[in-house]
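Order-wise, the sequence lines are chains C and S.
With this note's numbering applied, the first sequence covers 1 to 390.
With this note's numbering applied, the second sequence covers 1 to 390.
Positions of the beta carbon are idealized from the N, C-alpha and C atoms, including for glycine.
There are 2 protein chains.
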Amino acid sequence: MSDHMPFTPTEVLLLGPGPSPVSPGVRAASIAPLLGHLDPEFLALMDRVQSNLRELFGTQNRFTVPISGTGSAGMEAMLVNLVEPGDRMVIGVNGVFGGRMAELARRLGADVVEVNAEFGQALDSQEVAAAIDGGPTRLVAVVHAETSTGVLQPLAGIAAAAKAADALFLLDCVTSLGGTPVDLDALGVDAAFSGTQKCLSVPPGLSPLSITQRALEKAASRSTPTPSWYLDVNLLGGYWGGDRVYHHTAPVSMIYGLAAGLEEALQEGMTARAARHRRVAAGLYKGLEAMGMSCLVDAELRTPMLTSVLVPEGLDEAEVRKRLRQDHCIEIGGGLGPLKGRVWRVGLMGHGARLESVQRLLSSLAAVLASMGRPCDIGPALDAARAAAG
Amino acid sequence: MSDHMPFTPTEVLLLGPGPSPVSPGVRAASIAPLLGHLDPEFLALMDRVQSNLRELFGTQNRFTVPISGTGSAGMEAMLVNLVEPGDRMVIGVNGVFGGRMAELARRLGADVVEVNAEFGQALDSQEVAAAIDGGPTRLVAVVHAETSTGVLQPLAGIAAAAKAADALFLLDCVTSLGGTPVDLDALGVDAAFSGTQKCLSVPPGLSPLSITQRALEKAASRSTPTPSWYLDVNLLGGYWGGDRVYHHTAPVSMIYGLAAGLEEALQEGMTARAARHRRVAAGLYKGLEAMGMSCLVDAELRTPMLTSVLVPEGLDEAEVRKRLRQDHCIEIGGGLGPLKGRVWRVGLMGHGARLESVQRLLSSLAAVLASMGRPCDIGPALDAARAAAG
Numbered sequence: 001m002s003d004h005m006p007f008t009p010t011e012v013l014l015l016g017p018g019p020s021p022v023s024p025g026v027r028a029a030s031i032a033p034l035l036g037h038l039d040p041e042f043l044a045l046m047d048r049v050q051s052n053l054r055e056l057f058g059t060q061n062r063f064t065v066p067i068s069g070t071g072s073a074g075m076e077a078m079l080v081n082l083v084e085p086g087d088r089m090v091i092g093v094n095g096v097f098g099g100r101m102a103e104l105a106r107r108l109g110a111d112v113v114e115v116n117a118e119f120g121q122a123l124d125s126q127e128v129a130a131a132i133d134g135g136p137t138r139l140v141a142v143v144h145a146e147t148s149t150g151v152l153q154p155l156a157g158i159a160a161a162a163k164a165a166d167a168l169f170l171l172d173c174v175t176s177l178g179g180t181p182v183d184l185d186a187l188g189v190d191a192a193f194s195g196t197q198k199c200l201s202v203p204p205g206l207s208p209l210s211i212t213q214r215a216l217e218k219a220a221s222r223s224t225p226t227p228s229w230y231l232d233v234n235l236l237g238g239y240w241g242g243d244r245v246y247h248h249t250a251p252v253s254m255i256y257g258l259a260a261g262l263e264e265a266l267q268e269g270m271t272a273r274a275a276r277h278r279r280v281a282a283g284l285y286k287g288l289e290a291m292g293m294s295c296l297v298d299a300e301l302r303t304p305m306l307t308s309v310l311v312p313e314g315l316d317e318a319e320v321r322k323r324l325r326q327d328h329c330i331e332i333g334g335g336l337g338p339l340k341g342r343v344w345r346v347g348l349m350g351h352g353a354r355l356e357s358v359q360r361l362l363s364s365l366a367a368v369l370a371s372m373g374r375p376c377d378i379g380p381a382l383d384a385a386r387a388a389a390g
Numbered sequence: 001m002s003d004h005m006p007f008t009p010t011e012v013l014l015l016g017p018g019p020s021p022v023s024p025g026v027r028a029a030s031i032a033p034l035l036g037h038l039d040p041e042f043l044a045l046m047d048r049v050q051s052n053l054r055e056l057f058g059t060q061n062r063f064t065v066p067i068s069g070t071g072s073a074g075m076e077a078m079l080v081n082l083v084e085p086g087d088r089m090v091i092g093v094n095g096v097f098g099g100r101m102a103e104l105a106r107r108l109g110a111d112v113v114e115v116n117a118e119f120g121q122a123l124d125s126q127e128v129a130a131a132i133d134g135g136p137t138r139l140v141a142v143v144h145a146e147t148s149t150g151v152l153q154p155l156a157g158i159a160a161a162a163k164a165a166d167a168l169f170l171l172d173c174v175t176s177l178g179g180t181p182v183d184l185d186a187l188g189v190d191a192a193f194s195g196t197q198k199c200l201s202v203p204p205g206l207s208p209l210s211i212t213q214r215a216l217e218k219a220a221s222r223s224t225p226t227p228s229w230y231l232d233v234n235l236l237g238g239y240w241g242g243d244r245v246y247h248h249t250a251p252v253s254m255i256y257g258l259a260a261g262l263e264e265a266l267q268e269g270m271t272a273r274a275a276r277h278r279r280v281a282a283g284l285y286k287g288l289e290a291m292g293m294s295c296l297v298d299a300e301l302r303t304p305m306l307t308s309v310l311v312p313e314g315l316d317e318a319e320v321r322k323r324l325r326q327d328h329c330i331e332i333g334g335g336l337g338p339l340k341g342r343v344w345r346v347g348l349m350g351h352g353a354r355l356e357s358v359q360r361l362l363s364s365l366a367a368v369l370a371s372m373g374r375p376c377d378i379g380p381a382l383d384a385a386r387a388a389a390g
């Protein structure tokens, strides 16, 4: 990097757990002339963003807005509004992000019941249901697509159990939204949050939220004040809703980018987009297989957008990532928590979910492995990838 | 606005309370190729941003970082970390943003003692000192430049009183940073927050914070958990500090923009930049005066970056703003709280603090007033503005 401005970063192909590559359309939109956050033209754009977010989330929820923080802020927004001290919460923990929800809920004084599964496994619906039945449960929370492992959680059983117990159902959609169908209303999800920097291919900084009227009413009838002003859904609703009451200065240019990203996603159509993510991921799986590598997660539980690749025995995995980045300008992620050192995390998200990404990654990985004394024949891997993704 | 993408907003001259006009350099920097938030090139840029922020804040504080939310998130970050239930806090309220701090502190269970002054007046240091002496005070908080009124608060007396009582001193620098000197260390400020969309002329979405070691130690030795995970300074320090521990995905492209904005500010130099803001504001004052208008705030208390202009008797002020926006593509702000309907708020901030802004505003305002049956001779106003700002 140059020590002087303007800062001219290397063009890195972002195939890690996020941020993902930004599309040209989103980039262009992000630097359109700035409007005031209460300008009529901007308010009209906000309406459009909300309507498009509803479509992508598969919901009629009136309260469907991007809040001014990253996905973690979205998680926090849901919990500070929906949880009060002493509330019993059942949280599925089969990865870092489920664990984060549990930590945050404990900070807020909730009575947290964790249902655990090994990193790389799905949660057992029966176990979650049993935990829900263990006491009066206010909220059930799970992660849809665990970015730390690559598991796509089956949701029907958990949703049914939450509904039967009249508990609110909270879903982390950070990595799923825009990459796989997220049908909030059909599933009976009461509250969901996402991020922009995964399958929407918009720079990080916003968190789309969607909340049912039922959950909003619970948030409005708390017995203790919401311990956040910035993330208070009652106040946020005033700005994004009909009254347009000034709350905080919305990050205008990021919302331009999000608006463009949502249009691109809906123009492609969620069915086609999800199929593309699955196809490209299948190319990765087959290519890796041809190179003698395998994935952490069982095939039927994998989320196409994020793949945990098992590091071959005896290999310095951090060195591989370093060489990919330095010599081939590709970013992939390392493992988190118990998976640290054991897996690489490869994201094929949004604009990055293309066969070219897989081909470039496989070729570069082969070159790096060869440079570390592990040569392999890349031809069959590329053929396999093309055949599976084509 | 077009109903279809790409969204092509009108080019509006932003002379309201923020966001302010973005400089071409900041715009260009914002769409540089996205790097991962743990990429070595990005980490080097983070170091540079921190170092430049320290210079602008006038501080050696190691913990000086932009957090991933707007200025209001910065306010919340300071309070959730530094305040515990039952803590006695003295808060100066002479505008909306002081009032917001008080509201938030009450949500967090603080024992809030408000020291009030009329909107448009400064706080009385003696009154603040007396309030501090009224009990063991954990935190004293005031707003440096009140965006809702345009008052620049004299700080020496309040800082001394906070120090004498061994209370932490918290300063809202949202509108002051980059427009007027902010010498945190010289003043003895323990914690400060700002925003990017005012005098740094960077799009809204980040909040620069600076905290002394002493305040960080108080935050680390709380008896109750920090009621936010996203804004926990202990966790944020791990990412921005030496260890680079993953916390949340930083808003990479916004940090590119901030980096460029900080370089521009420091290249100009804070002394020259502050003088420019004062000169241009003087042009506005003189031009308004020549048009028969006057300002809410006494001359010696005015902050140059934000001017509250008294609405001439009998005028529909909202209609004036509407015509300025629709017919002249200029945004100015209306009054908030008790000043609603009584003032316009004119921001001359960062890249917008130029004589051309003042000239265009005065000419357009004269045209709007004429269209509403109040013609005035604009020549003398433009001359007066040029003479004062030249």
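| task | Determine the chain C residues that contact Thr303 (chain S) at a beta-carbon separation under 8 Å, and present them in chain order. | result | Correct list: empty, because the minimum Cβ distance to chain C is about 18 Å.
| message | For chain C, check one thing: does any of its Cβ atoms lie closer than 9 Å to the Cβ of Leu236 (chain S)? | response | no
| query | Starting from Glu114 (chain S) and walking both ways along the beta strand (DSSP E), at which residues does that stretch end? | reply | 111-116
| request: If I'm right that Asp183 (chain S) touches Gln60 (chain S) with Cβ under 8 Å, what's the distance once you round it to whole angstroms? | output: Not quite, the Cβ-Cβ distance comes to about 12 Å (not below 8 Å), so this is no contact.
| query | Does DSSP put Ala141 (chain S) in a helix, in a strand, or in coil? | reply | strand
| field | Segments of 4+ residues assigned as alpha helix (DSSP H) that fall wholly inside the region 341-373 of chain C | value | 355-371
| message | For Gln213 (chain S), would you say it is in contact with chain C, using Cβ-to-Cβ distances shorter than 9 Å as the test? | response | no
| chain C within 9 Å of Val80 (chain S), Cβ atoms only | yes
| query | Between Pro227 (chain C) and Val80 (chain C), is the Cβ-Cβ spacing less than 9 Å? | reply | yes
| task | Taking all protein chains shown into account, decide if Gly179 (chain S) is buried (16 or more other Cβ within 10 angstroms of its Cβ) or exposed. | result | buried
| task | Check whether the Cβ atoms of Leu152 (chain C) and Leu206 (chain C) sit closer than 9 Å, and answer yes or no. | result | no
| field | Short Cβ contact (9 Å threshold) for Cys173 (chain S) with Met291 (chain S) | value | no
| Thinking C-alpha only, which one of C:Ser253, C:Val368, C:Leu369, C:Ser357 is nearest Pro21 (chain C)? | C:Ser357
| When the cut-off is 9 Å and only beta carbons count, does Thr8 (chain S) lie next to chain C? | yes
| field | Contiguous beta strand (DSSP E) assignments of at least 3 residues, all confined to the region 71-126 of chain S | value | 88-93, 111-116
| request: Taking a Cβ distance cut-off of 7 Å, strictly less, list which residues of the region 259-271 of chain S are near chain C, in chain order. | output: Ala259, Ala260, Glu263
| request: Out of S:Pro17, S:Met89, S:Val115, S:Gln121, point me to the one whose CA is closest to Gly109 (chain S)'s CA. | output: S:Met89
| said: Helix, strand or coil for Arg62 (chain S)? Go by DSSP, reduced to three states. | reply: coil
| Contacting positions in the region 13-33 of chain C - beta carbon closer than 9 Å to chain S | Leu14, Gly16, Pro17, Gly18, Pro19, Ser20, Pro21, Val22, Gly25, Arg27, Ala28, Ala29, Ser30, Ile31, Ala32, Pro33
| query | Applying the criterion that 16 or more other CB atoms from any shown protein chain within 10 Å of the CB defines a buried residue, is Arg222 (chain C) buried or exposed? | reply | exposed
| query | Of all Cβ atoms in chain S, is any one closer than 9 Å to the Cβ of Phe42 (chain C)? | reply | yes
| Member of S:Pro85, S:Ile67, S:Gly337 whose CA lies at the smallest distance from the CA of Ala77 (chain S) | S:Ile67
| Counting along the chain, where does the beta strand (DSSP E) carrying Thr169 (chain S) start and finish? | Here the sequence assigns Phe to residue 169 (chain S), which means Thr is not the residue at that position. That run of the beta strand (DSSP E) goes 168-172.
| query | Do you know offhand how far Thr70 (chain S)'s Cα is from Met293 (chain C)'s? | reply | 44 Å
| task | My understanding is that Leu35 (chain C) touches Pro9 (chain S), with C-beta atoms under 8 Å, so please give their C-beta distance in whole angstroms. | result | 5 Å
| alpha helix (DSSP H) segment containing Ile158 (chain S), residue limits | 156-164
| said: Any beta carbon from chain C within less than 9 Å of Ala377 (chain S)'s own beta carbon? | reply: For the record, residue 377 (chain S) in the displayed sequence is Asp; it is not Ala. Not one chain C Cβ lies under 9 Å of Asp377 (chain S).
| Given Trp240 (chain S) as reference, the closest of S:Ser210, S:Gly261, S:Gly269, S:Gly25 once Cα atoms are compared | S:Ser210
| request: Would you check if the distance between the CB atom of Pro304 (chain S) and the CB atom of Ala353 (chain S) is smaller than 9 Å? | output: yes
| Which of helix, strand or coil DSSP assigns to Leu187 (chain C) | helix
| task | Check whether the Cβ of Asp39 (chain C) lies closer than 9 Å to any Cβ atom in chain S. | result | yes
| field | Backbone secondary structure at Ala129 (chain S) - three-state DSSP | value | helix
| field | C-alpha distance - Asn52 (chain S) paired with Leu262 (chain S), whole-angstrom precision | value | 6 Å
| request: Examine chain S for any beta-carbon lying closer than 9 Å to the beta-carbon of Gly95 (chain C), and answer yes or no. | output: no
| said: Taking the alpha-carbon of Ser23 (chain C) as reference, which of C:Ala260, C:Val346, C:Gly373, C:Glu268 has the nearest alpha-carbon? | reply: C:Ala260
| query | Rounded to a whole number of angstroms, what is the C-alpha to C-alpha distance between Phe119 (chain S) and Val343 (chain S)? | reply | 11 Å
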